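Top to bottom, those sequences are chains Z and R.
Numbering that gives the first Met the number 0 applies: residue 0 is where the first sequence begins, and numbers increase by one.
Numbering that gives the first Met the number 0 applies: residue 0 is where the second sequence begins, and numbers increase by one.
For glycine and all other residues, C-beta sits at the position ideal for the given N, C-alpha and C.
Quick caveat, the model's predicted, so the values are computed rather than measured.
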Amino acid sequence: MRRIVFEKRESMSRRASTLVPIISLLASLLLGGLLLAISGANPFVTYYEMFRGAFGTWNRFTETLVKAIPLMLTGLSVAIAFKMRFWNIGAEGQLTLGGVAAAGVALFWAQSLPGWTLLPLALLAGCVAGALWAGIPAVLKAYLSVDETLTTLMLNYVAILYSEHLYYVAWRAPGYNSGTATFTEAAWLPRITGRVHAGIYLAIILAVVLWFVFKRTRWGFELQIIGENPTAARYLGINIAQNVVLAILLSGAISGLAGATEVLGLARRLQQGLSVGYGYTAIIVAWMAQLNPLAIIGVAILMASLLVGGDQIQMRMGLPAAMGLVLQGLILIPMLAGMIFMEYRLRIIDPHTTGMEVEA
Amino acid sequence: MNDNPPPVLEMRNIVKRFPGVLANDHVNLKLHPGEVLALLGENGAGKSTLMNVLVGLYRPEEGEVYARGEQVDIGSPNDAAALGIGMVHQNFKLVPTMTVAENVILGMNGLPFRPNMDEIVECIREIARHYNMPVDPKAYIWQLSVGEQQRVEILKLIYRGAEILILDEPTAVLTPQEARDLNRVLQVMIDEGKSAIFITHKMDEVMAFSDRVCVLQHGRVVATKYTAETNPQELATLMVGREVLFRLDKAPSQPGDPMLEMRDVHAKNNKGLPALQGISFTIRRGEVLGIAGVAGNGQRELAEVVTGLRPVTQGHIQIEGQERTNRQPLDFIKAGVSHIPADRIGMGAVGNMPVSDNISMKGYRQSPMAEKGILRPRQMLRFAREMIKRFEIATPTPATRIKFLSGGNIQKAILAREIDACKGLLVAVYPSRGLDVGATEAVRRRILEQREQGRAVLLISEDLDELFSVADRIAVLYEGRVMGVVPAEEASIDQLGLMMAGSPAEEIDVPTARVMEEV
Numbered sequence: 000m001r002r003i004v005f006e007k008r009e010s011m012s013r014r015a016s017t018l019v020p021i022i023s024l025l026a027s028l029l030l031g032g033l034l035l036a037i038s039g040a041n042p043f044v045t046y047y048e049m050f051r052g053a054f055g056t057w058n059r060f061t062e063t064l065v066k067a068i069p070l071m072l073t074g075l076s077v078a079i080a081f082k083m084r085f086w087n088i089g090a091e092g093q094l095t096l097g098g099v100a101a102a103g104v105a106l107f108w109a110q111s112l113p114g115w116t117l118l119p120l121a122l123l124a125g126c127v128a129g130a131l132w133a134g135i136p137a138v139l140k141a142y143l144s145v146d147e148t149l150t151t152l153m154l155n156y157v158a159i160l161y162s163e164h165l166y167y168v169a170w171r172a173p174g175y176n177s178g179t180a181t182f183t184e185a186a187w188l189p190r191i192t193g194r195v196h197a198g199i200y201l202a203i204i205l206a207v208v209l210w211f212v213f214k215r216t217r218w219g220f221e222l223q224i225i226g227e228n229p230t231a232a233r234y235l236g237i238n239i240a241q242n243v244v245l246a247i248l249l250s251g252a253i254s255g256l257a258g259a260t261e262v263l264g265l266a267r268r269l270q271q272g273l274s275v276g277y278g279y280t281a282i283i284v285a286w287m288a289q290l291n292p293l294a295i296i297g298v299a300i301l302m303a304s305l306l307v308g309g310d311q312i313q314m315r316m317g318l319p320a321a322m323g324l325v326l327q328g329l330i331l332i333p334m335l336a337g338m339i340f341m342e343y344r345l346r347i348i349d350p351h352t353t354g355m356e357v358e359a
Numbered sequence: 000m001n002d003n004p005p006p007v008l009e010m011r012n013i014v015k016r017f018p019g020v021l022a023n024d025h026v027n028l029k030l031h032p033g034e035v036l037a038l039l040g041e042n043g044a045g046k047s048t049l050m051n052v053l054v055g056l057y058r059p060e061e062g063e064v065y066a067r068g069e070q071v072d073i074g075s076p077n078d079a080a081a082l083g084i085g086m087v088h089q090n091f092k093l094v095p096t097m098t099v100a101e102n103v104i105l106g107m108n109g110l111p112f113r114p115n116m117d118e119i120v121e122c123i124r125e126i127a128r129h130y131n132m133p134v135d136p137k138a139y140i141w142q143l144s145v146g147e148q149q150r151v152e153i154l155k156l157i158y159r160g161a162e163i164l165i166l167d168e169p170t171a172v173l174t175p176q177e178a179r180d181l182n183r184v185l186q187v188m189i190d191e192g193k194s195a196i197f198i199t200h201k202m203d204e205v206m207a208f209s210d211r212v213c214v215l216q217h218g219r220v221v222a223t224k225y226t227a228e229t230n231p232q233e234l235a236t237l238m239v240g241r242e243v244l245f246r247l248d249k250a251p252s253q254p255g256d257p258m259l260e261m262r263d264v265h266a267k268n269n270k271g272l273p274a275l276q277g278i279s280f281t282i283r284r285g286e287v288l289g290i291a292g293v294a295g296n297g298q299r300e301l302a303e304v305v306t307g308l309r310p311v312t313q314g315h316i317q318i319e320g321q322e323r324t325n326r327q328p329l330d331f332i333k334a335g336v337s338h339i340p341a342d343r344i345g346m347g348a349v350g351n352m353p354v355s356d357n358i359s360m361k362g363y364r365q366s367p368m369a370e371k372g373i374l375r376p377r378q379m380l381r382f383a384r385e386m387i388k389r390f391e392i393a394t395p396t397p398a399t400r401i402k403f404l405s406g407g408n409i410q411k412a413i414l415a416r417e418i419d420a421c422k423g424l425l426v427a428v429y430p431s432r433g434l435d436v437g438a439t440e441a442v443r444r445r446i447l448e449q450r451e452q453g454r455a456v457l458l459i460s461e462d463l464d465e466l467f468s469v470a471d472r473i474a475v476l477y478e479g480r481v482m483g484v485v486p487a488e489e490a491s492i493d494q495l496g497l498m499m500a501g502s503p504a505e506e507i508d509v510p511t512a513r514v515m516e517e518v
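Right, here's the structure in full:
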């Protein structure tokens, strides 16, 4: 009798690690197509409209980039944490507080600081706020083994509700229902084209820097060892607690920067709409990119195109914009299921020709 | 005891293979009613594998199992339970957030949709009283001590009607008092005609608990004896004695300055029980001190203490005259201590990273592999290539993830890294365990090379042949104490076997035994 066995590969397949994300994307489009067909829309037309909506004209493409910037930054942020097996799902809260801190500097220090220092200080304040917000769960995890999935998630609500308090009540500009006053121009993050702001440069530079840190620095090497095998790390003399805290501070700082660039580059004031779920989508971005900082840039653009394309089909075809979100979610399932093929393979064995049974 | 009752259980010619390992090699085993059988052997001798075959967790490639005279096919733990066979595993299978009673019935077949818990609790109380095993059926598992949790595992088996109990190293987690309690419980069960098999590598337990003992070595039964007709020394010899593989040429030792000095060192194991109880010895440069003993007598803790991985609760550790007690692992590394750990995959290597990275994991801190915190991959690769050649590591490429190499080659890679980084003291724990003859010889030669280059070596091994051929002096560890230190060329297997069973060297009346006074 022939059998199909599932066995470990002898070496990691490079082909599988590039094919799996692509096949997952196709599989999710297929699943999404079924959903579209059930709800009465022609999947091909819908996908075409979504593509046109995200990439059809230069203007639309810039809007896709605008949404890709926070995804790039938060994607990089969670990738650092995930490399350490630290499940930071608090990027959303770190982003929100980063935006709040940047807004605070732009609003209240505008008079007392020389104009040219305002923007860098506001960005820095965003990083610091994000880092501190991530630092709480990091210290709790490193020194007291408190589970970080719960703490990072719950701190999101604290941060988001606090930001609402600020723009609805404490910092609300007179004459508005909500939102602060617009910042002075010195605090604006310059725009490159359309609404695409200089945050995109920061994201790309950071991606390259992080790639270098992980591939080519002693610290990155130590972080990789900690993430892969903490017991070995301790045996090799690496200080685990201290390095985990440092890495998570960096992770939080990058999410905080994402919030700061959103506030300083797009709305130019603190208002509703800062927290729209980038910090959660970032988890999908990081996994699809297999935690590779350079790949995160491309994957973030792809994910952003699903968001923008989703908006477009709502306007043009009367379908819910949530379709884009549904597709995003659908990508992760085949992706996670498919990742197993990077380390395992299916093999058909014929017991008449082989004496040894292979254990899966 | 009746010499010829029909066996309640019999295993015939059991063969179980794992990739590259013959775990059970035509094993024959009989268990009579009302009998406690001890299964004795070193780590990796195939004891647990054999018992896992019996409870249906593994399928043997060859051989038959007979229960009460009839051939049976045990395909799952449920099949085993139906035959009255139950096993208490080393790691308990209990749900901490549920009560004792709930754990006892969890997973049982044929329970009503809503079991009558009051009845079950009463029944468990009755069993507990009968066997004198005080346990509150309504207590939660997380509230119980390890000893109490073990009682729950045993209760579970009795409640389900087990007639044959298999206990996998039952006393490894118990205090001496709890071990005596367990012995009493077993005695009651035996008096009722139940039988038990227990897996152990401790001779004194065999003597205290069992009626018969079956000694396994490398997957084969090497002896079956009535406990009353044997003694710990004979058992130790049966367990570790093996044919000599090869002899290494060894120049006479020329000890130099003291490298490692341990003075009255105490430490606890992971369960918080005392593991080292006053260890004192000195190792000089150019000298190999071997540590013999049955696993679980403090070897692991000793290795971790001299590498900074485990805190010392009392006493002092000095390296080259410098106080290093309770310093960080990195301080020990910087002091020139290298460590070949017992757990190669779990501690010694990072499976998902390339062979070259693994070889560089000690040297990456300094030039030439790193400059100002920036790694120099080309230098790392060059170093790895050199080591792969020098230590004859068989790997497809330096970029292959190390977990895809064989055990022997992983060990050679660890050896390469640690020996290159070693400046004063090499701590080697079971360095050739599980390796084939060729790799074993290579590993031992490298260790001797270190001695000739004036480094001190602490060699912890279960393999007496290894200790005789590599060590200059052999210390025997028993229950966290040094039973004595003897020069390797004067030591005999009999004498070491006796010390491994807990007799201090002073009490052994062997003409060749000369106890060295410690400096």
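Boundaries of the alpha helix (DSSP H) in which residue i is found, first to last residue
{"i": "residue 122 of chain R", "result": "116 to 129"}
{"i": "residue 267 of chain R", "result": "No alpha helix (DSSP H) contains residue 267 of chain R, which is instead part of the beta strand (DSSP E) from 257 to 267."}
{"i": "residue 307 of chain Z", "result": "292 to 316"}
{"i": "residue 416 of chain R", "result": "406 to 420"}
{"i": "residue 48 of chain Z", "result": "42 to 54"}
{"i": "residue 116 of chain Z", "result": "114 to 143"}
{"i": "residue 379 of chain R", "result": "376 to 389"}
Below-7 Å beta-carbon distance, residue i vs any chain Z residue
{"i": "residue 372 of chain R", "result": "yes"}
{"i": "residue 242 of chain R", "result": "Low confidence applies to residue 242 of chain R: its pLDDT is 49, below 50, so where it sits in the model is not reliable, and the reading given next is rough at best. So, not an interface residue."}
{"i": "residue 367 of chain R", "result": "no"}
{"i": "residue 477 of chain R", "result": "no"}
{"i": "residue 57 of chain R", "result": "no"}
{"i": "residue 329 of chain R", "result": "yes"}
{"i": "residue 188 of chain R", "result": "no"}
{"i": "residue 139 of chain R", "result": "no"}
{"i": "residue 332 of chain R", "result": "yes"}
{"i": "residue 360 of chain R", "result": "yes"}
{"i": "residue 522 of chain R", "result": "An answer regarding residue 522 of chain R cannot be provided, because it is not within the stretch 0 to 518 covered by chain R."}
Enclosing beta strand (DSSP E) for residue i [first to last residue]
{"i": "residue 486 of chain R", "result": "480 to 486"}
{"i": "residue 213 of chain R", "result": "211 to 216"}
{"i": "residue 223 of chain R", "result": "219 to 225"}
{"i": "residue 276 of chain R", "result": "273 to 283"}
Report the residue ranges of all beta strand (DSSP E) runs contained in full by the region 177 to 206 of chain R; include only those spanning at least 3 residues, in chain order. 194 to 199
The region 334 to 343 of chain Z contacting the region 16 to 26 of chain Z, beta-carbon criterion three pairs below 8 Å: yes
Which residues, taken in chain order from the region 198 to 222 of chain Z, show a beta carbon closer than 7 Å to some beta carbon of chain C? Structure shown: chain C not included; protein chains present are Z and R.
Mind pulling the alpha helix (DSSP H) runs of 4 or more residues that sit fully within the region 320 to 361 of chain R? 328 to 333 and 354 to 358
Threshold first: 4 residues or longer. Then list the alpha helix (DSSP H) segments lying entirely within the region 67 to 109 of chain Z, N to C. 90 to 107
In chain order, which continuous runs of the alpha helix (DSSP H) of length 4 or greater are located wholly inside the region 165 to 222 of chain Z? 198 to 215
Return the residues of the region 225 to 238 of chain Z that lie within a Cβ-Cβ distance of less than 9 Å from chain R, sorted by chain order. 227, 228, 230, 231, 232, 233, 234, 235, 236, 237 and 238
Counting pairs of Cβ atoms below 8 Å between the region 247 to 254 of chain R and the region 224 to 231 of chain R, do you hit three or more? no
My parser needs the alpha helix (DSSP H) runs of 4 or more residues fully inside the region 17 to 56 of chain R; what are they? 46 to 53
Any C-beta of chain Z within less than 8 Å: which residues of the region 344 to 357 of chain R qualify? 345, 346, 347, 348, 349, 350, 351, 352 and 356
If we count Cβ pairs, one from each stretch, closer than 8 Å, do we get three or more for the region 100 to 107 of chain Z versus the region 115 to 122 of chain Z? yes
Listed from N- to C-terminal order along the chain, which residues in the region 26 to 53 of chain R have their beta-carbon within a distance smaller than 9 Å of any beta-carbon of chain Z? none
Assess, as a yes-or-no matter, whether the region 83 to 102 of chain Z is touched by the region 127 to 134 of chain Z under the definition of 3 or more beta carbon pairs within less than 8 Å. yes
Tell me whether the region 72 to 92 of chain Z and the region 304 to 318 of chain Z touch, counting them as touching only if at least three CB pairs, one residue from each stretch, are closer than 8 Å. no
Taking a Cβ distance cut-off of 7 Å, strictly less, list which residues of the region 299 to 315 of chain R are near chain Z, in chain order. 308
What are the residues of the region 95 to 115 of chain R that lie near chain Z, defined by any Cβ-Cβ distance shorter than 8 Å? none
Is it the case that the region 305 to 323 of chain R contacts the region 485 to 499 of chain R, given that we only count it when at least three CB pairs across the two stretches are under 8 Å? no
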